[in-house]
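Chains as they are written, first to last, in the numbering used here: chain F, 366 to 643; chain Y, 7 to 310.
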């Protein structure tokens, strides 16, 4: 079941990013004032927008744009969140206390506020948008990873490895990292869904990708003003975001069920020696 | 009482951390509303520098931060760089509409989410399949897209409800239902998961073994435990509600904290951004504190 879901979702995403723009020979940026707001027809399969640009071509190029920026945000959130989570779950000392304080501060804000503060500081664009969404999900990811690390550290096999004289680095790479991968996979799919939904929301509100770029958020914003006369501009991007987020949420759910953390019996954390540092 | 005080102290601490992080994050890169505004109107660098010095923006970040904290203790959040309005005034003006929107949407979402969660958890059948589909839909349809469609349907085509503005209850119906529908999904998921778990717990088995009817078991035994996580994840729902409010307010052209923040971000009006950060962090901390107290009160297994 999971395999089928993952395969379908990954195939859909890859098809968009790789093949989407190749399928069509219209330029997503070429304006054609003579053909404004034309309904779908053979020459323009999804019609044209307010500037006479081909909607299908903007939709396919926009998919590449939107999905890559959501992917960037996910990679950032998972990368930073995993490092911070492992540090918070295994280390100690002033640096780690400071780190935990920063995480507490970030967790005290709704994600959208963090994202908007980052965008206020960095300005518009795809990279600031990815950073903003990624940063807004870093603290929650770090907390999830920290919890997973603490659970794994309390396992008997870690204690056994420690008793056999394994170094901290060995335990980190041989035991902790491989065992947080399932958590990372499940949580990562959820973060991707969040990034797609909220990244497009920020672009829609005018603080993400620049106006005019072929991007699903931009298309939804442009299509909103003319929804009455030209609903075809915003239907395809809205529908596709819905389908992808739905699929990705389902994937996260089935991965979660597969690797349910409560199927592992958790022992009290006292078993790992207090001097343990990784 | 001591427990409540401890919860409050730790919330105040996290609010302080959040505002501090935001304060320094906004000063990583040069440039702010004043700079942008004055250089656009063709003012010379000297004029800009004078204005900035008058507002204390030329000092080092640390000096500015210390002054910010000093003013904060006196309830002064500074002035907007764009309009010159006091930030506290702007916040007080925009707070009531957001509170109205969030409270009505939150309450509706709570009821709707719990109902969806209970029905979805109740097993098979066409009804629970429908509620599960609704939950999935609420979590995956972008609110800005369902908003476009709803405005088109109810305001443009049927002209039942106004598409923008504030003032009467009628203006609230569309934004509140939209925001409530999208927040309900996240509540329903939590409720469904915890009710399903509680329905398989030992106490439910005991209740079944002693011959209670399934309805009684659900109503008297399962729900009392199964609905607790809905309360304890209120902070999560608050985050959902707030991000939805930002979109809803700007879509329905309603005044409010979300739109205030969005405008301030677009114009790089840092004092206003900091003010909203403080307000939203405080509201978040308040929700978490209330949740903790309420949860300990409702669930005898938890002690603060």
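Using N, Cα and C, we set each Cβ at its ideal position, and we do this for glycine too.
{"Asked": "Secondary structure, alpha helix (DSSP H): runs of 4+ residues fully inside the stretch 491 to 545 of chain F", "Found": "491 to 518, 521 to 528 and 533 to 536"}
{"Asked": "Closer than 7 Å to chain F by CB, residue 286(Y)", "Found": "yes"}
{"Asked": "Terminal residues of the alpha helix (DSSP H) in which residue 208(Y) lies", "Found": "208 to 215"}
{"Asked": "Chain Y contact for residue 595(F) (CB, 7 Å cutoff)", "Found": "no"}
{"Asked": "Three-pair Cβ contact test at 8 Å for the stretch 20 to 36 of chain Y versus the stretch 479 to 492 of chain F", "Found": "yes"}
{"Asked": "Proximity test, Cβ basis, 7 Å: residue 148(Y) and chain F", "Found": "yes"}
{"Asked": "Any C-beta of chain Y under 7 Å from that of residue 628(F)", "Found": "Any reading at residue 628(F) must be qualified, since the residue scores a pLDDT of 43, below 50, and its modelled position is unreliable; the value itself is stated next. Judged by the 7 Å Cβ criterion, residue 628(F) is not in contact with chain Y."}
{"Asked": "Within 7 Å, strictly: CB atoms of residue 273(Y) and residue 53(Y)", "Found": "no"}
{"Asked": "Touching by the beta-carbon criterion (3+ pairs, under 8 Å), the stretch 244 to 261 of chain Y and the stretch 565 to 574 of chain F", "Found": "yes"}
{"Asked": "Contacts that residue 599(F) makes with chain Y (C-beta to C-beta distance below 8 Å)", "Found": "151 and 154"}
{"Asked": "Beta bridge counterpart(s) of residue 85(Y) as assigned by DSSP", "Found": "92(Y)"}
{"Asked": "Coil, strand or helix - residue 269(Y) by DSSP", "Found": "helix"}
{"Asked": "Contact belief for residue 564(F) with residue 151(Y) at Cβ below 8 Å, rounded distance in angstroms", "Found": "That pair is no contact at about 14 Å."}
{"Asked": "Exposed unless 16 or more other CB atoms sit within 10 angstroms - verdict on residue 174(Y)", "Found": "exposed"}
{"Asked": "Three-state secondary structure (DSSP) of residue 618(F)", "Found": "helix"}
{"Asked": "Within chain Y, the residues that residue 431(F) reaches when beta carbons sit closer than 9 Å", "Found": "Per Cβ cutoff of 9 Å: no residues; residue 431(F) is ~11 Å from chain Y at best."}
{"Asked": "Cross-chain neighbours of residue 245(Y) in chain F, by beta carbon under 7 Å", "Found": "475 and 476"}
{"Asked": "Buried or exposed (CB count within 10 angstroms, at least 16 for buried), residue 584(F)", "Found": "buried"}
{"Asked": "Heavy atom of the ligand GDP within 6 Å of residue 221(Y) beta-carbon", "Found": "Only the bare structure without any ligand can be found here, which leaves the ligand GDP out of the picture."}
{"Asked": "Start and end residues, alpha helix (DSSP H) containing residue 158(Y)", "Found": "Premise fails: residue 158(Y) is in no alpha helix (DSSP H) and is neither H nor E."}
{"Asked": "Three-way DSSP call (helix, strand, coil) for residue 172(Y) in this model", "Found": "coil"}
{"Asked": "Close-in-space but distant-in-sequence residues of the same chain around residue 101(Y) (CB under 7 Å, 5 per side omitted)", "Found": "263"}
{"Asked": "Runs of alpha helix (DSSP H) wholly within the stretch 403 to 460 of chain F (minimum 4 residues, chain order)", "Found": "420 to 455"}
{"Asked": "Coarse secondary structure for residue 574(F), derived from DSSP in three states", "Found": "coil"}
{"Asked": "Residue 389(F), DSSP secondary structure in three states", "Found": "coil"}
{"Asked": "Distance, residue 127(Y) Cα to residue 642(F) Cα", "Found": "Annotation note: pLDDT 36 at residue 642(F) (below 50); position unreliable, coordinate value reported separately. Their Cα atoms are separated by approximately 43 Å."}
{"Asked": "Residue-level contact to chain Y via CB, residue 370(F), 7 Å cutoff", "Found": "no"}
{"Asked": "Chain Y contact for residue 641(F) (CB, 7 Å cutoff)", "Found": "Reliability fails at residue 641(F), whose pLDDT of 37 lies under 50, so the model's placement of it is uncertain and no value is given."}
{"Asked": "Chain-ordered chain F contacts of residue 2(Y) [CB-CB under 7 Å]", "Found": "Absent from the structure is residue 2(Y), since the part of chain Y shown begins at 7 and ends at 310."}
{"Asked": "Euclidean distance between Cα positions of residue 210(Y) and residue 228(Y)", "Found": "7 Å"}
{"Asked": "Span separating the alpha-carbon of residue 249(Y) from that of residue 191(Y)", "Found": "14 Å"}
{"Asked": "Integer Cβ distance of residue 454(F) from residue 511(F), believed to fall under 8 Å", "Found": "4 Å"}
{"Asked": "For residue 638(F), three-class secondary structure by DSSP", "Found": "Low confidence applies to residue 638(F): its pLDDT is 38, below 50, so where it sits in the model is not reliable enough to give any reading."}
{"Asked": "Separation of residue 580(F) from residue 94(Y), as counted between CA atoms", "Found": "37 Å"}
{"Asked": "Closer than 7 Å at the beta carbon, the chain Y residues around residue 423(F)", "Found": "Going along chain Y, no residue has its Cβ under 7 Å from residue 423(F), so there is no contact; the nearest lies around 16 Å."}
{"Asked": "Reduced DSSP secondary structure (H/G/I, E/B, other) of residue 474(F)", "Found": "coil"}
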